[in-house]
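*Asks:* Pasting a structure here, questions to come.
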Amino acid sequence: MTDAWTKDVHAAVRRIPPGRVASYGLIALVVGRPLAARAVGNVMRACRDTSVPCHRVVHADGSPAFARHRARLRREGVRFNGRRVDLRAHLWNARLPRRV
DNA sequence: CGTGTGACCTAAG
DNA sequence: ACTTAGGCCACAC
201 MTDAWTKDVH
211 AAVRRIPPGR
221 VASYGLIALV
231 VGRPLAARAV
241 GNVMRACRDT
251 SVPCHRVVHA
261 DGSPAFARHR
271 ARLRREGVRF
281 NGRRVDLRAH
291 LWNARLPRRV
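Numbering of the first sequence is given in the working numbering, commencing with residue 201 and proceeding in unit increments.
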């Protein structure tokens, strides 16, 4: 948990506003490791910190990692298109470190 | 230092 | 839409 990597990932996930979602890949992008989506998943798996809204982190196709997250997201006003979140409307518009 | 594993992602068939 | 295969990253052994 003291690791910079874990710390950065947690920070990024906490930045996700309610009613918005982010994919693992997007989080990886935000922390500056565009190809570390998998490692982000590892951090989430090991994360038991309630201050980290892990339910707002979904797969690239919009499907939550766990079904229990679905109801939680719906409570925040997230609309679902079948099993997937409507990413068009709810994907977190994070501004990236570099680029542009 | 090599290997295996994982809440991943993308491309192909 | 579903299944494979390949690839990237961090971590435990």
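Note that beta-carbon positions come from the ideal geometry of N, C-alpha and C, so glycine has one too.
1) Can you list, in chain order, the residues of its chain with a C-beta nearer than 8 Å to that of Gly219? Leave out the 5 residues immediately preceding and following it.
2) Could you pull the start and end residues of the alpha helix (DSSP H) that Leu273 belongs to?
3) Mark Gly262 as exposed unless 16 or more other C-beta atoms lie within 10 angstroms of its C-beta, in which case mark it buried.
4) In the DSSP assignment, find the alpha helix (DSSP H) that holds Ala237 and state where it starts and stops.
5) Just verifying my parser: in three-state terms, what is the DSSP assignment at Val221?
6) Anyone know if the C-beta pair for Val252 and Ile227 falls short of 8 Å?
7) Can you name, in chain order, every residue of its own chain whose Cβ lies under 7 Å from the Cβ of Val240, other than the five neighbours on each side?
8) Going by the DSSP bridge assignment, what does Leu291 pair with across the sheet?
9) Taking His255 as part of the alpha helix (DSSP H), name the residues at either end of that continuous run.
*Replies:* Let me lay it out:
1) Stepping through the first sequence from its first residue, residue 219 is reached at position 19. Hits under 8 Å: Glu276, Gly277, Val278, His290.
2) The residue you call residue 273 lines up with position 73 of the first sequence. Taken as a continuous stretch (DSSP letters only), the alpha helix (DSSP H) holding Leu273 covers 267-275.
3) The residue given as residue 262 occupies position 62 in the first sequence. Gly262 is buried by the Cβ-count criterion.
4) Position 37 of the first sequence holds residue 237. Residues 237-246.
5) One-based indexing of the first sequence puts residue 221 at position 21. The answer is strand: DSSP assigns Val221 an E or B state.
6) Start at 1 with the first residue of the first sequence, and residue 252 comes out as number 52. Start at 1 with the first residue of the first sequence, and residue 227 comes out as number 27. It is not a contact, given that the beta carbons lie outside the stated cut-off.
7) Locating residue 240 in the first sequence gives position 40, counting from the first residue. Once the five neighbours on either side are set aside, the close Cβ partners of Val240 are Val209, Tyr224, Ile227, Ala228.
8) Residue numbering aside, residue 291 sits at position 91 when the first sequence is read from its first letter. DSSP output for Leu291 lists Val221 as bridge partner(s).
9) The residue labelled residue 255 in the question sits at position 55 within the first sequence. Note, His255: premise wrong, no alpha helix (DSSP H); not H, not E.
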